[in-house]
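Novice:
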Amino acid sequence: MLVHFITDEPTKLPAIRAILEPRHEVMARLLGDCDTKIEPHGVLVVDVDLRQACRIERLRLALQRLSATRHKLFVVHNQCGSMTAQACALGATAVISSAKEAVFKLAQIEEAQAAGKPGVVAPSALTECAAAFASMFLAVRAGKPISLSDATRATSQIIDRVQRSGLTSYLDEVRRYHEGTFQHCLLVTGVSVGFGIEIGFSAADVSRLGIAATLHDVGKACIPLSILDKPGRLDAGEDEIMKSHPVAGYDLLKDIQGMTPEILDGVKHHHEYLDGTGYPDRLTASKISDLVRLLTISDIFAALVEQRPYRAPMPRQTAYQVLCDMNGKLENSLVKAFRNVALAA
Ligand SMILES: [Fe+2]
Ligand SMILES: [Fe+2]
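The sequence shown runs 402 to 746 under our numbering.
1. Could you give the DSSP three-state label for R452: helix, strand or coil?
2. So, for H585: in the same chain, excluding its five sequence neighbours on each side, which residues have a beta-carbon less than 7 Å away from its beta-carbon?
3. Between Y680 and V668, is the Cβ-Cβ spacing less than 7 Å?
4. My guess is that F534 and A555 are in contact by the Cβ rule of under 8 Å, so how many angstroms apart are they, rounded?
5. Would you call C455 buried or exposed, if buried means 16 or more other Cβ atoms sit within 10 Å of its Cβ?
6. Could you give the distance in angstroms between the alpha-carbon of I701 and the alpha-carbon of H670?
7. Helix, strand or coil, according to DSSP, for F602 in the structure here?
8. Within this structure, are the beta carbons of V344 and H478 separated by less than 7 Å?
9. Could you give the DSSP three-state label for R634: helix, strand or coil?
10. Do you know offhand how far S699's Cα is from P415's?
11. Alpha carbon to alpha carbon, how far is N733 from E641? Give it in angstroms, no decimals.
12. Just grab the DSSP bridge partners of I497 for me.
13. Could you tell me whether the Cβ atoms of D666 and S645 are closer together than 7 Å?
14. Quick check: what's the CA-CA separation for I420 versus V447?
15. Answer with yes or no whether the minimum CB distance from L568 to chain E is below 7 Å.
16. Helix, strand or coil for I657, going by three-state DSSP, please let me know.
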C-alpha cells in the first residue's frame, strides 16, 4: 500500500521506513518539502507537532493537495488534547498514539479493502461532528467565541444518526473512531438523544436536550491539559480544578446570542445530585430541572462506557447497575426509564 508520511522531525523519516517497509511503499517527506507532487491516493500518516501555528499552516497547505485521500492518520503522542482537537479540525480520520500504531491501522485498511468495504474511516457525519467539538474547544483555547449554530448543526446530525441506525451502532462507532473529551461529548449527546426519544420527548425537546449535552463539558476547554488528559487518578487539588468546568462552561456561553436558560442550566448543573451532594451549587431535588436530571444520568452512563487507552469500557449492564446503586442521587423513575436506553441491543 502507498503510504504518504509527513513529519516535522528529520529523524522520523528513517524511523517510519524501518517500521513500514518493505510491506508498504513509503513516501516520507519533511513538512515544507511536501507541497508539490503528492499523488492523492494511498494513505496519509501525519506526525507533526500541532501545537505550533506555523507548522499547522504549512500542513494545511499540504493537506489541500491531499483532500481526496480517504485515510488520514494523525499521530498524537501522550493523548495531547489540543493536538487531538487540531488533528480533527484538519480532517483526521483516525488519531493514533504512535507511528508504530500505523502498522495496525494499515492492516485494518488493507483487510477492509480486500473485503470490498470502505475501510476504517470514520463515517463523514461523525467526523464532522467531532470536528465541530474540536473547533469549539479550539475557539475557547484561542479566546474566540463559541458558535451556537455549529453546536446546533452537530447535534442535529447526531439526532439524525441515532434515529437512523440506533444508539448501539452510534456508540460503537464513536468509541472506535474518537478519543478523550471528544469521545465523551459525542457519547453523552448520543445517549441523551436516545434517552429523550425513549421517553417520548417532542422533537424540539430532544433537540434542546441534545444541544445541552453537546455543550455540557465545554468548560473543560479551560482546564489545563495536564489535568484534562492525565491518564491516572486526579489528586485533590487537580480534582478541585476539574470541578470548575461547569461554571467555566456557563461563563463561556451565557452571553452568546440565542443561548437558552435550559441549556445554560444543563451546562452549569449536570454534576448536581438530588440529595444535594453534587457541585457547583449543591442544589437539591426541587431546584434540579427535568432536563438536568436526564443529562446527569446520560453523562454518568456515557463516562462509564467510554473507551479509554488505559482501561476497557465498562459493559453497559454493569454501568446501568452503577446508576441503579446511586441511591437518592438520581431520580428513580428516570433511571428505570433509562433501562431500555442502557441495555438496548
Ligand atoms: Fe462534566
Ligand atoms: Fe461530562
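Where is the CB? At the ideal position from N, CA and C, for every residue including glycine.
Specialist: Looking at the atomic coordinates:
1. coil
2. D618, A703, A704 and E707
3. no
4. 7 Å
5. exposed
6. 13 Å
7. coil
8. For the chain, the structure presents residues 402 to 746; residue 344 sits outside this window and is missing.
9. coil
10. 47 Å
11. 29 Å
12. V476
13. no
14. 15 Å
15. Within the model displayed, chain E is absent; a lone protein chain is all it includes.
16. Three-state DSSP puts I657 in coil, outside helix and strand.
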